[in-house]
Amino acid sequence: MLNDDQLLRYSRQIMLPEVDIAGQEAWLKSTVLIIGVGGLGSPVAMYLAAAGVGRLVLVDDDKVELTNLQRQIIHRTETIGQPKVASAKAALAALNPDIQVEAIDGRLEGEALEQQVIAADLVVDCSDNFATRFALNDACVKHKTPLVSGAAIRLEGQVAVFDSRRDDAPCYRCLYRDGDEESLTCADSGVLAPLVGIIGSVQAMEALKVLADIGEPLVGKLLLLDGRHMDWRTLKLRRDPECPCCADNNN
Ligand SMILES: [Zn+2]
Numbered sequence: 001m002l003n004d005d006q007l008l009r010y011s012r013q014i015m016l017p018e019v020d021i022a023g024q025e026a027w028l029k030s031t032v033l034i035i036g037v038g039g040l041g042s043p044v045a046m047y048l049a050a051a052g053v054g055r056l057v058l059v060d061d062d063k064v065e066l067t068n069l070q071r072q073i074i075h076r077t078e079t080i081g082q083p084k085v086a087s088a089k090a091a092l093a094a095l096n097p098d099i100q101v102e103a104i105d106g107r108l109e110g111e112a113l114e115q116q117v118i119a120a121d122l123v124v125d126c127s128d129n130f131a132t133r134f135a136l137n138d139a140c141v142k143h144k145t146p147l148v149s150g151a152a153i154r155l156e157g158q159v160a161v162f163d164s165r166r167d168d169a170p171c172y173r174c175l176y177r178d179g180d181e182e183s184l185t186c187a188d189s190g191v192l193a194p195l196v197g198i199i200g201s202v203q204a205m206e207a208l209k210v211l212a213d214i215g216e217p218l219v220g221k222l223l224l225l226d227g228r229h230m231d232w233r234t235l236k237l238r239r240d241p242e243c244p245c246c247a248d249n250n251n
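The sequence shown: position 8 = 8 (this note's numbering), numbered continuously.
(1) What are the boundary residues of the beta strand (DSSP E) that includes Gln-158?
(2) Could you check what DSSP says for Val-64 in three-state terms: helix, strand or coil?
(3) Can you tell me where the alpha helix (DSSP H) holding Asp-138 begins and where it ends?
(4) Give every residue whose Cβ lies closer than 5 Å to any heavy atom of ligand 1, listed in chain order.
(5) With a Cβ-Cβ cutoff of 8 Å, do Arg-104 and Leu-58 count as a contact?
(6) Give every residue of the same chain whose Cβ lies closer than 6 Å to the Cβ of Thr-79, excluding the five residues on either side of it in the sequence, and list them in chain order.
(7) If you follow the alpha helix (DSSP H) that Lys-258 is in, where does it begin and where does it stop?
(8) Report yes if the CB atom of Pro-43 is closer than 8 Å to the CB atom of Gly-157, and no otherwise.
(9) Taking Thr-185 as the reference, give the member of Ser-11, Leu-40, Leu-2 with the closest Cα.
(10) Bridge partners for Glu-78 per DSSP, in chain order?
(11) If we count the other Cβ atoms within 10 Å of its Cβ and call it buried at 16 or more, is Ile-14 buried or exposed?
Structure representation (structure tokens):
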């Protein structure tokens, strides 16, 4: 049941027929695991907190640096040197004290990662390396937890939703294999500030849609942005019957 403050705080989205009270209640009851609180994780965490996702679990092992502030808008000049998850948690508490935020200052692997994936209704991948993306994908396929994946570099970005609860839905490894791609980082290649805001905002939108069952999420699709020409393309993704991760899980 929503209280009066919640009805007011979330009124502009509750008035949408696609959301209504039921959608808001679904978000308030949800737990979302956010891996990485950098360029993508900033808008993802801020929008999910503002929209009233009841419990956010933030995971990052970095500290805030001066070079982050150009695009990682959840952090502040005063929080340079703090763990990113602590800096982010303080910002989210100021934005919306109505929700719970758990901060994990470290890198989740193995059993610890699986436990957090099991406890989550949805995972948002805002990491910047393939090792983390593959590990997250494998845990999400294993436990049938929806995964909203995003990447952004230079002036290009992409978003996809992998939902292994659905028959025939592809997973991240159907798209990428170990050794396929070198991990490009913003430190090596650069990134234009609003690009991570655009891609992260699309990830937040898709997460909210999946949690409240609104519209059609980017399942089986890869959304690509060429920011140079502001050109958006959507590619169809198919499950790879030879996929080392999800082929065996198809039962
Ligand atoms: Zn797969």
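Where is the CB? At the ideal position from N, CA and C, for every residue including glycine.
In this structure, then:
(1) As a working mapping, residue 158 is identified with position 158 in the sequence shown. It spans 156-162 - the beta strand (DSSP E) in which Gln-158 sits, taken as one unbroken run.
(2) To locate residue 64, count along the sequence shown from 1; it is residue 64. Coil.
(3) Residue mapping note: residue 138 aligns to position 138 of the sequence shown, counting from 1. From DSSP, the alpha helix (DSSP H) with Asp-138 extends over 130-142.
(4) Those residues placing their Cβ nearer than 5 Å to any heavy atom of ligand 1 are, following chain order, Cys-171, Arg-173, Cys-174, Cys-243, Cys-245, Cys-246.
(5) Working through the sequence shown from its first residue, we reach residue 104 at position 104. Working through the sequence shown from its first residue, we reach residue 58 at position 58. The sequence shown places Ile at residue 104, rather than the Arg named in the question. For Ile-104 and Leu-58, yes; Cβs fall inside 8 Å.
(6) Reading the sequence shown from its first residue, position 79 is the one you call residue 79. Taken in chain order, the residues that qualify are Val-64, Ser-87.
(7) Past the edges of the chain, shown from 1 to 251, lies residue 258, and the structure says nothing about it.
(8) Taking the sequence shown and counting its residues from 1, one reaches residue 43 at position 43. Taking the sequence shown and counting its residues from 1, one reaches residue 157 at position 157. Cβ atoms of Pro-43 and Gly-157: not closer than 8 Å.
(9) In the sequence shown, residue 185 corresponds to position 185, counting from 1. Residue Leu-40 holds the alpha-carbon nearest to the alpha-carbon of Thr-185 among Ser-11, Leu-40, Leu-2.
(10) Along the sequence shown, one-based indexing puts residue 78 at 78. In DSSP, Glu-78 forms no bridge with anything.
(11) To locate residue 14, count along the sequence shown from 1; it is residue 14. Buried, by the Cβ-count rule.
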